[in-house]
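A.B. asks: Counting the sequence shown from 1 gives a position; the working numbering is that position plus 211.
This structure is in C-alpha cells; I'll ask about it shortly.
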Amino acid sequence: MVGRMLVWGFALLLSLPAPALAQAAPGAGAPPPPRDASDIGAVARDAAAAADMDRSKVTGDETFQGGFTCLAPAGAGDTGPILCESGINPVLPVFYFTLAWHLDGATGERVIDAIAVRRKGEAQPFQTIEAVGSRTVPDIENNGFELIDMNFDGYLDLRLIGETSAGPNLSYANWLWSEGDMRFVRTPALNAIVSPEFDPETQEILSRWRSSAAEGGVDIYTWEDGAPVLIHREVDRYDGTSRCSRDFFDRIGGRLRKTGDGACG
Numbered sequence: 212m213v214g215r216m217l218v219w220g221f222a223l224l225l226s227l228p229a230p231a232l233a234q235a236a237p238g239a240g241a242p243p244p245p246r247d248a249s250d251i252g253a254v255a256r257d258a259a260a261a262a263d264m265d266r267s268k269v270t271g272d273e274t275f276q277g278g279f280t281c282l283a284p285a286g287a288g289d290t291g292p293i294l295c296e297s298g299i300n301p302v303l304p305v306f307y308f309t310l311a312w313h314l315d316g317a318t319g320e321r322v323i324d325a326i327a328v329r330r331k332g333e334a335q336p337f338q339t340i341e342a343v344g345s346r347t348v349p350d351i352e353n354n355g356f357e358l359i360d361m362n363f364d365g366y367l368d369l370r371l372i373g374e375t376s377a378g379p380n381l382s383y384a385n386w387l388w389s390e391g392d393m394r395f396v397r398t399p400a401l402n403a404i405v406s407p408e409f410d411p412e413t414q415e416i417l418s419r420w421r422s423s424a425a426e427g428g429v430d431i432y433t434w435e436d437g438a439p440v441l442i443h444r445e446v447d448r449y450d451g452t453s454r455c456s457r458d459f460f461d462r463i464g465g466r467l468r469k470t471g472d473g474a475c476g
C-alpha cells in the first residue's frame, strides 16, 4: 500500500510545473529554489527507489480474496483422494492439495489421514500434514476444506471441519500460512474457537456458541502477537420460554470483566 502511494505521489510530481514543485516541497523557512527539468529526473529516480524499497517490505496483499476449487471422489465406490487447488497469494505459485482419506467402518465417517501440498510445476510435495484431526459424515463436501485468510495478513490459510456434532458448535482444524517457514502451521488456539467467522473489514473473529438449551452467546476475538485474544462476550440465559437476560463482558486490564446486563434484544 505504501509503495502504491509513493508511485501516485511520483505521478503527481511529474504532472506539476517546476514552480509548483518548489511550492509543494515540504520544509520550513525560505522556499527552495525552483527546479529545472534535470531536477525532475532526480525526483523521479528518488521516488522510484523509495517505492521499490517500501514494496520489498510488503509481506502480503491485504486486499487479496483468492479462492479454491476441489474435485471430490466420483461416488461411494471411489476411494481416490480429494484434490484441491488454490493460489493463496499473488506472489506465490498455485498450490495443489491432495487429501488422503478412509471411511471409518464403525461410524461411517470420512476421516482425513494426510494432506500433501505441492507447488505448481513441482512433482513432490513441499509439506505433508499428518494427524489431521478431521472426520465428518460423507455428505459434508470435502470435509469442509476451505482456504480463507483467517489472520488477515493477505495469505489464505487452511482449515477443515474437525468433527461433526448434533449441536450448533462446529469445531475446525486450522493451519495458518507462515511466510517465514513457507508452510502451513497448526494453530491450536484457533482450533479451540467454535464456529468461527472471519471479518476482513473489522479484522475480528466472531464465534457463536451454545453451552446448553438455556445458555448461548457470542464471542469476539482479535489477533495479538500471532494469537487470537477474546475481547468481548455476550451471554444469553433463558428462564423458561419467555424470559431472556443478557450479560456483557469486555477485556479490561488483560482480563474479561462484566461490563453490563439487560434483556435480550
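The beta carbon of each residue, even a glycine, is placed where N, CA and C say it ideally should be.
Bear in mind that the values here come from a model prediction, so they are computed numbers and not experimental data.
For Trp-386 and Ile-351, which I take to be in contact (beta-carbon distance under 8 angstroms), what is that distance rounded to the nearest angstrom?
C.D. replies: Their Cβ separation, rounded to whole angstroms, is 19 angstroms, which puts Trp-386 and Ile-351 out of contact at 8 angstroms.
A.B. asks: Quick check on Pro-439: does DSSP put it in helix, strand or coil?
C.D. replies: strand
A.B. asks: I need the boundaries of the beta strand (DSSP E) containing Ala-400, first residue and last residue.
C.D. replies: First-last for Ala-400: 399-402, but that is the alpha helix (DSSP H), not the beta strand (DSSP E).
A.B. asks: Closest to Glu-408 by CA distance: which of Asn-362, Thr-452, Arg-329 and Gly-344 is it?
C.D. replies: Asn-362
A.B. asks: On a CA-only basis, which of Leu-282, Asp-447, Phe-279 and Ile-431 is nearest Cys-475? Give me that one, please.
C.D. replies: Asp-447
A.B. asks: Using the DSSP secondary-structure output, state which residues sit across from Asn-385 in a beta bridge.
C.D. replies: Arg-370
A.B. asks: Mind checking Leu-310: buried by the 16 CB within 10 Å criterion, or exposed?
C.D. replies: buried
A.B. asks: Thinking C-alpha only, which one of Leu-441, Leu-467, Glu-415 and Asp-450 is nearest Glu-426?
C.D. replies: Asp-450
A.B. asks: Quick one: Cα of Leu-303 to Cα of Arg-397, how far?
C.D. replies: 20 angstroms
A.B. asks: Which of the three DSSP states, helix, strand or coil, is assigned to Gly-473?
C.D. replies: strand
A.B. asks: Can you give me the C-alpha to C-alpha distance between Gly-316 and Thr-452, rounded to a whole angstrom?
C.D. replies: 41 angstroms
A.B. asks: On the three-state DSSP scale, how would you describe Glu-341?
C.D. replies: strand
A.B. asks: Excluding sequence positions up to five away, which residues of its chain have a Cβ less than 6 angstroms from the Cβ of Tyr-366?
C.D. replies: Around Tyr-366: Gly-271, Ile-299, Asn-300 and Trp-388.
A.B. asks: In this structure, how does DSSP classify Gly-378 when only helix, strand and coil are distinguished?
C.D. replies: coil
A.B. asks: Got a sec, what are the start and stop residues for the beta strand (DSSP E) Ser-418 sits in?
C.D. replies: 415-423
A.B. asks: Considering Phe-409, what are the terminal residues of the beta strand (DSSP E) in which it resides?
C.D. replies: 407-410
A.B. asks: Would you identify the three-state DSSP class for Glu-320, choosing helix, strand or coil?
C.D. replies: coil
A.B. asks: If you draw a straight line from the alpha carbon of Met-216 to that of Arg-468, how long is it in whole angstroms?
C.D. replies: In this predicted model, Met-216 has a pLDDT of only 38, less than 50, meaning its place in the structure is not dependable enough to derive any value.
A.B. asks: What first and last residue would you give for the beta strand (DSSP E) that runs through Phe-459?
C.D. replies: 454-463
A.B. asks: DSSP three-state label for Gly-355, please.
C.D. replies: helix
A.B. asks: Between the Cα of Arg-454 and those of Tyr-383, Glu-415, Ala-377 and Gly-473, spot the shortest distance and give me the residue it belongs to.
C.D. replies: Out of Tyr-383, Glu-415, Ala-377 and Gly-473, Gly-473 has the C-alpha closest to the C-alpha of Arg-454.
A.B. asks: State the DSSP-derived secondary structure class of Val-305, mapped to helix, strand or coil.
C.D. replies: coil
A.B. asks: Assign Phe-337 to one of two classes, buried (16 or more other C-beta atoms within 10 Å of its C-beta) or exposed (fewer than that).
C.D. replies: exposed
A.B. asks: Please classify Ile-463: is it buried, with 16 or more other beta-carbons within 10 angstroms of its beta-carbon, or exposed?
C.D. replies: exposed
A.B. asks: What span of residues does the beta strand (DSSP E) with Glu-390 cover, start to end?
C.D. replies: No beta strand (DSSP E) contains Glu-390, which DSSP labels as neither H nor E.
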